[in-house]
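Plus 73 on top of the position in the sequence shown (first one is 1) and you've got the working numbering.
Glycine included, each C-beta is placed from N, C-alpha and C at the ideal position.
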Amino acid sequence: MRVKKLFTDFRVILWVVVVVMAIVAISPKLSEQGISITSINASSPLTDVLQRGDKIYQINGQLADENLISKPYFGEVQLKTNKGLLFYQMNGTLGVSGIKAEKNRLHFGLDIRGGIRAIIEPENATEEMVQSIITTMQTRINVYGLKESLFRPVWSEWNCIQARERNLCRSSGVYWERHTNGLS
74 MRVKKLFTDF
84 RVILWVVVVV
94 MAIVAISPKL
104 SEQGISITSI
114 NASSPLTDVL
124 QRGDKIYQIN
134 GQLADENLIS
144 KPYFGEVQLK
154 TNKGLLFYQM
164 NGTLGVSGIK
174 AEKNRLHFGL
184 DIRGGIRAII
194 EPENATEEMV
204 QSIITTMQTR
214 INVYGLKESL
224 FRPVWSEWNC
234 IQARERNLCR
244 SSGVYWERHT
254 NGLS
């Protein structure tokens, strides 16, 4: 009797509906395979047909992965893509780069995927010059489609020391130290 009362409660029904709608909105594709194209070289023969975001499922009958798209090919190459079956005469690499196809609609930024950190310290720069550099860098990075880029100035009173290890995924460290006058 308590279980029936629990499942007929408005809040529980609303919670179940919201969870189902969230799963539908994410739309998981459990069978998604292949490579999603991130860039195509201008000299690639694939520039006329494929675009950024298209998917390559198979190359010469093999399941596409990062190694296969960077491998050089000579002669006829068969590509199974989201635009159908394509045949090309190749004399080198495909001229595309890509990442493993996403299995859902969640798009993670560089911070979650393992972003990049660059510390640029201009010499004899004023605050206006640094802000101008940051604006220029944001514009240039956004041209390449990298959203959610974070730029912040690091002034000379801060020192950043990063430990570079053989296997950076297992161990990395960042040490921040602030130098002030009058340490006791």
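Spatial distance of residue i from residue j (CA atoms)
i	j	result
ARG225	ALA137	38 angstroms
ALA115	VAL92	44 angstroms
SER112	VAL122	13 angstroms
ARG213	ASN155	30 angstroms
VAL150	LEU158	10 angstroms
VAL203	GLN211	12 angstroms
ALA174	LEU141	14 angstroms
ARG125	GLU200	38 angstroms
PHE83	GLU105	36 angstroms
PRO195	ILE96	47 angstroms
THR166	ASP127	18 angstroms
THR52	PRO101	Residue 52 is absent from the structure shown; the chain starts at 74 and stops at 257.
TRP88	LYS77	16 angstroms
THR208	VAL90	44 angstroms
Cβ neighbour criterion (16 or more within 10 Å) applied to residue i
i	result
GLY134	exposed
VAL22	Residue 22 lies beyond the stretch modelled for the chain, which goes from 74 to 257, so this question has no answer here.
ILE86	exposed
ARG178	exposed
GLY107	buried
GLY171	buried
ILE132	buried
C-beta neighbour in chain B for residue i, strict 8 angstroms
i	result
ILE206	The structure shown contains no chain B; it is built from a single protein chain.
Cβ-Cβ distance between residue i and residue j below 8 angstroms
i	j	result
LEU152	TYR161	yes
ILE110	ILE129	yes
LYS176	LEU79	no
Given residue i as reference, the closest of the options once Cα atoms are compared
i	options	result
ASN164	PRO118, VAL97 and MET94	PRO118
Original post:
Which full runs of the beta strand (DSSP E) of 3+ residues lie inside the segment 103-187, going along the chain?
Top reply: 108-113, 128-132, 146-154, 157-165 and 169-173
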